[in-house]
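Visitor: Dropping a structure here in structure tokens format, bear with me for questions.
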Amino acid sequence: MMMTVSTELTIGIVAFYLVMIIGIGYYGYRRTKKVEDYMVAGRNTHPVIIALSYGATFISTSAIIGFGGTSAQYGMSLMWLTVLCIVVGVIIAFICMGKRIRRIGKDLGALTYPELLGKMYGSKKIIYATGAIFVAAMPLYTAAVLIGGARFIETTLGIPYMTALLGFAGVVALYVVIGGLMAVMYTDAVQGAIMLVGMGVLLVLTYIYLGGVTAANSALDSMGSLVPSTLSSMGMTGWTSMPEFGSPIWMTVITTLVLGVGVGVLAQPQLAVRFMTAKDGKSLNRAIPIGALFIVMMTGVAFTVGPLTNVYFMDTVGMLAIDAAGGNADLIIPLYINSAMPELFVIIFMLTLLSAAMSTLSSLLHTMGTTLGGDIFARMKGVRYSIRANQIGIVVMMIVSVILAVMMPGSIIARATAMFMGLCTAALLPAFVHGITSKTPSYLAAKWSMTAGAGGWLLWAVFCHTAESKMLGICHALFGVDSLVSSPWCYLDPLVVGVVLSVTILLVLIPMDKHKITHEDQMSLK
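Residues 0 to 525, numbered by numbering that gives the first Met the number 0, are exactly what the sequence shown covers, in order.
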């Protein structure tokens with residue numbers, strides 16, 4: 000049964016929240032004096048701000064709504080994503096990559112991810128190619144974040160989906176356009192704190208309502224016989240166990256969701272820029288504990304509560320969570336919150352989701368806008384960066400993302416997120432790692448590595464990976480089948496294929512290139 004939330008109370012709390020966020024955004028605007036402030040927050044950000052902004056940007060409604068709903072279908076096997084997020088997304092990202100990114104970015108005077116990658120190889124072509132990938136693919140991820148926030152507003156407040164979508168997008172665009180990264184990171188920090196509180200309370204209340212940790216987990220474990228035949232035939236063994244090794248479900252969980260996001264985090268431009276805002280390496284070290292705690296709370300809670308919603312809905316309406324949500328995994332968590340939680344927490348969790356969505360959305364908008372306005376348009380006109388060009392770019396990319404959000408089908412949030420992260424990983428990560436670890440990187444190897452990674456990812460997505468090939472329909476139109484490979488390989492994510500090709504080409508060409516890029520070459524690129 001859906002909870003009835005007091006309209007007056009909801010409006011009052013949400014209004015206070017929005018005023019606070021816009022006020023913080025205005026504070027960031029007042030502190031933005033030059034282009035460097037707008038692009039990399041002045042390179043002097045406090046470690047706590049960096050940690051919360053990094054975590055809040057990484058964990059969005061995609062994780063809470065999309066992946067929470069997906070874990071309700073596939074079970075706690077997604078906990079491996081939490082492990083990977085901590086090991087790769089925090090420890091390796093901050094210690095092994097973050098310090099190098101900060102140091103090299105400052106040394107080369109880079110203000111964006113495409114510019115950093117391009118300057119490492121002394122190539123404007125790489126700047127344009129990287130920018131083209133972001134402008135073409137990042138709206139997919141942005142649209143997924145928009146959908147997650149708008150869906151919860153829709154189910155909680157009972158307002159039309161389009162109204163929720165447009166209002167949500169408009170508020171975020173306002174403070175991003177005005178205040179740049181300074182405003183984005185300050186608001187991220189506040190929103191991250193709200194998310195920590197909301198997810199912590201959600202976990203506690205869920206276990207209380209289900210009779211405690213032991214009773215709830217035992218009830219979920221005993222539901223193994225209720226796994227739908229469509230899923231059991233594909234390798235699912237229950238909500239508290241791993242799928243059969245090598246099965247279609249295993250391929251989806253491990254190669255698409257766990258590897259796609261857990262490794263893909265290293266290739267996220269909106270996260271890499273956070274390292275460039277730090278004053279020094281010590282600041283990044285101090286940010287690690289807070290960042291790790293944040294990731295544990297966000298992903299761990301989502302991947303625990305998601306499967307447990309099956310216990311709740313089976314007890315209350317006699318259905319699995321996916322059936323109670325009408326087959327749309329993106330609606331499972333919103334439906335559970337509105338059905339099971341007390342009125343005050345429904346409002347608090349709405350703020351949690353708004354914070355999650357706004358923090359990630361603002362960062363994606365800033366990245367897309369500075370890429371389109373600065374790395375592409377302004378640079379093509381012979382101007383490196385300008386605040387006005389970036390602002391126009393932000394508005395254009397928001398409009399594109401909203402249009403995509405309207406067009407995309409249901410149960411798409413988790414997959415859209417994994418697709419974008421997978422493409423970035425396949426196309427950019429090997430070349431990026433080579434660039435920050437080598438004193439004389441190979442432009443030849445990087446160029447063909449990026450080409451092979453992006454091409455391999457695209458071809459496998461269009462012609463082999465069932466999820467994308469069915470959605471696009473190109474393979475079926477040309478060959479009369481949804482995939483050119485048989486099961487279980489048709490469930491192998493394009494990320495794996497793209498990364499293998501990208502790394503192979505990179506390793507083969509590095510020793511063959513006799514004209515490596517020197518520091519003078521890097522510094523000569525304007």
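Glycine included, C-beta positions come from ideal geometry on N, C-alpha and C.
Based on the DSSP secondary-structure assignment, which residues constitute the bridge partners of T44?
Guide: Locating residue 44 in the sequence shown gives position 45, where the first residue counts as 1. Beta-bridge pairing links T44 to A277.
Visitor: In or out: S519 buried (at least 16 other Cβ within 10 Å) or exposed?
Guide: On the sequence shown, residue 519 is found 520 positions in, with the first residue counted as 1. With the sequence shown as reference, residue 519 is identified as Glu, and Ser is not the correct amino acid for it. Its Cβ having fewer than 16 others within 10 Å, E519 is exposed.
Visitor: In whole angstroms, give me the CA-to-CA distance for S59 and S354.
Guide: On the sequence shown, residue 59 is found 60 positions in, with the first residue counted as 1. On the sequence shown, residue 354 is found 355 positions in, with the first residue counted as 1. Approximately 8 Å between the Cα atoms of the pair.
Visitor: Go to P333, then tell me how far its alpha helix (DSSP H) extends in each direction, as first and last residue.
Guide: Here residue 333 corresponds to residue number 334 of the sequence shown, with the count starting at 1. Note, P333: alpha helix (DSSP H), I331 to A339.
Visitor: Between the region 273-282 and the region 95-113, are three or more C-beta pairs nearer than 8 Å?
Guide: The region 273-282, when compared against the region 95-113, does touch it at the 8 Å Cβ threshold.
Visitor: The alpha helix (DSSP H) that contains T369, what's its start and end?
Guide: As a first step, residue 369 is located in the sequence shown; it is residue number 370 there, counting from the start. E342 to T369 is the span of the alpha helix (DSSP H), which, as asked, contains T369.
Visitor: Which stretch, first to last residue, makes up the alpha helix (DSSP H) that contains Y160?
Guide: Taking the first residue of the sequence shown as 1, we reach residue 160 at position 161. Taken as a continuous stretch (DSSP letters only), the alpha helix (DSSP H) holding Y160 covers Y160 to Y208.
Visitor: For the alpha helix (DSSP H) that contains W459, what are its first and last residues?
Guide: As a working mapping, residue 459 is identified with position 460 in the sequence shown. Note, W459: alpha helix (DSSP H), Y442 to F462.
Visitor: Run the CB neighbour count on K98, radius 10 Å, all protein chains shown included, and call it buried at 16 or more, exposed below.
Guide: Walking along the sequence shown from the start, residue 98 turns up at place 99. With 16 or more Cβ atoms within 10 Å of its Cβ, K98 is classed as buried.
Visitor: Taking the C-alpha atoms as reference points, what is the distance between L219 and W488?
Guide: Here residue 219 corresponds to residue number 220 of the sequence shown, with the count starting at 1. Here residue 488 corresponds to residue number 489 of the sequence shown, with the count starting at 1. Spanning the two alpha carbons is a distance of roughly 30 Å.
Visitor: Just the C-alpha distance for Q269 and G210, rounded to the nearest angstrom, thanks.
Guide: On the sequence shown, residue 269 is found 270 positions in, with the first residue counted as 1. On the sequence shown, residue 210 is found 211 positions in, with the first residue counted as 1. Distance between the alpha carbons of Q269 and G210 is about 41 Å.
Visitor: Let me know the secondary structure DSSP gives H514 once reduced to three states.
Guide: The residue you call residue 514 lines up with position 515 of the sequence shown. In the structure shown, H514 sits in coil (DSSP, three-state: anything other than H, G, I, E or B).
Visitor: Let me know if S448 comes out buried or exposed under the rule of 16 or more other beta-carbons within 10 Å of its beta-carbon.
Guide: Looking up residue 448 in the sequence shown gives position 449. S448 should be labelled buried.
Visitor: Rounding to the nearest angstrom, what Cα-Cα distance links I321 and P333 in this structure?
Guide: For the purposes of this step, residue 321 is taken as the residue at position 322 of the sequence shown. For the purposes of this step, residue 333 is taken as the residue at position 334 of the sequence shown. About 12 Å.
Visitor: Does the beta-carbon of G11 have 16 or more other beta-carbons within 10 angstroms, so that it is buried, or is it exposed?
Guide: As a first step, residue 11 is located in the sequence shown; it is residue number 12 there, counting from the start. Looking at its Cβ environment, which holds fewer than 16 other Cβ atoms inside 10 Å, G11 is exposed.
Visitor: In chain order, what residues of the same chain lie with their CB nearer than 7 Å to the CB of I193, ignoring the 5 residues before and after it?
Guide: For this step, residue 193 is matched to residue 194 along the sequence shown. For I193, where only same-chain residues beyond five positions count, the Cβ hits under 7 Å are L350, T351 and S354.
Visitor: Please classify F15 as buried or exposed, where buried requires at least 16 other C-beta atoms within 10 Å of its C-beta.
Guide: As a position in the sequence shown, residue 15 is number 16, starting the count at 1. Per the 10 Å Cβ criterion, exposed.
Visitor: Tell me the rounded alpha-carbon separation between G117 and K33.
Guide: For this step, residue 117 is matched to residue 118 along the sequence shown. For this step, residue 33 is matched to residue 34 along the sequence shown. If you take the alpha carbons of G117 and K33, they lie about 23 Å apart.
Visitor: Would DSSP call M0 helix, strand or coil?
Guide: If you number the sequence shown from 1, residue 0 lands on position 1. For M0, the predicted structure reports a pLDDT of 37, less than 50, and the residue's modelled location is therefore unreliable. A value from the coordinates is still provided. It is coil, neither helix nor strand.
Visitor: Kindly indicate which residue of P493, P247, G74 and L8 has the alpha-carbon position closest to the one of S221.
Guide: Mapped onto the sequence shown, residue 221 falls at position 222. When each option's Cα is compared against that of S221, the closest is G74.
Visitor: Over what stretch of residues does the alpha helix (DSSP H) that includes L256 continue unbroken?
Guide: Within the sequence shown, numbered from 1, the residue matching residue 256 stands at position 257. Neither: L256 is in no alpha helix (DSSP H) and is coded neither H nor E.
Visitor: Can you tell me the Cβ-Cβ gap for G368 and M406, rounded? I've got them flagged as a contact below 8 Å.
Guide: Within the sequence shown, residue 368 is the residue found at index 369, counting from 1. Within the sequence shown, residue 406 is the residue found at index 407, counting from 1. With a Cβ gap of about 21 Å, G368 and M406 do not count as contacting.
Visitor: Starting from the C-beta of G261, find all residues in its chain whose C-beta is less than 6 Å away, skip the five residues before and the five after it, and write them out in chain order.
Guide: Counting from 1 along the sequence shown, the entry for residue 261 is found at position 262. The answer, listed in chain order, is L80, L83, C84 and V87.
Visitor: Under 7 Å, do I289 and A50 count as touching if we go by C-beta distance?
Guide: Working through the sequence shown from its first residue, we reach residue 289 at position 290. Working through the sequence shown from its first residue, we reach residue 50 at position 51. Yes, the Cβ-Cβ distance between I289 and A50 is below 7 Å.
Visitor: How far does the alpha helix (DSSP H) with V39 in it extend, from its first residue to its last?
Guide: Along the sequence shown, read from residue 1 onward, the residue named residue 39 stands at position 40. V34 to V39 is the extent of the alpha helix (DSSP H) around V39.
Visitor: So, for K469: in the same chain, excluding its five sequence neighbours on each side, which residues have a beta-carbon less than 7 Å away from its beta-carbon?
Guide: As a first step, residue 469 must be located in the sequence shown, where it is residue number 470. Only D481 meet the Cβ criterion.
Visitor: If you draw a straight line from the C-alpha of R526 to the C-alpha of L524, how long is it?
Guide: The shown model of the chain, from 0 to 525, leaves out residue 526, and the question about it has no answer.
Visitor: Given a cut-off of 7 Å, decide if I146 and A163 are closer than it, judged by their beta-carbon atoms.
Guide: On the sequence shown, residue 163 is found 164 positions in, with the first residue counted as 1. On the sequence shown, residue 146 is found 147 positions in, with the first residue counted as 1. Their beta carbons are not under 7 Å apart, which means A163 does not touch I146 by this criterion.
Visitor: Using 10 angstroms around the beta-carbon of L363, count the other beta-carbons present and answer buried if the total reaches 16, otherwise exposed.
Guide: As a first step, residue 363 is located in the sequence shown; it is residue number 364 there, counting from the start. That one is buried.
Visitor: Which same chain residues, not among the five before or five after I391, have their C-beta less than 6 Å away from its C-beta?
Guide: Within the sequence shown, the letter at position 392 stands for residue 391. Here the set comprises G372.
Visitor: Does the region 173-182 come close enough to the region 444-464 that 3 or more CB-CB pairs lie under 8 Å?
Guide: Flag = no, the region 444-464 and the region 173-182 do not touch.
Visitor: Looking at the structure shown, is Y490 part of a helix, part of a strand, or coil, going by DSSP?
Guide: Residue 490 sits at position 491 when you count from the first residue of the sequence shown. Helix at Y490.
Visitor: Quick one, are the C-beta atoms of P429 and I516 less than 7 Å apart?
Guide: Position 430 of the sequence shown holds residue 429. Position 517 of the sequence shown holds residue 516. The answer is no: Cβ separation not under 7 Å.
Visitor: May I have a chain-ordered list of the alpha helix (DSSP H) segments no shorter than 4 residues that lie completely inside the region 292-329?
Guide: You should have 320-323.
Visitor: Output needed for M181: all residues of its chain with C-beta closer than 8 Å, excluding positions within five of it in sequence on either side, in chain order.
Guide: On the sequence shown, residue 181 is found 182 positions in, with the first residue counted as 1. So the list reads G27, Y28, R30, T31, D36, Y37, A40 and G41, once near-sequence residues are dropped.
Visitor: Hey, quick one: how far does the alpha helix (DSSP H) through L477 stretch, first residue to last?
Guide: Taking the first residue of the sequence shown as 1, we reach residue 477 at position 478. Element bounds for L477: I473 to F478.
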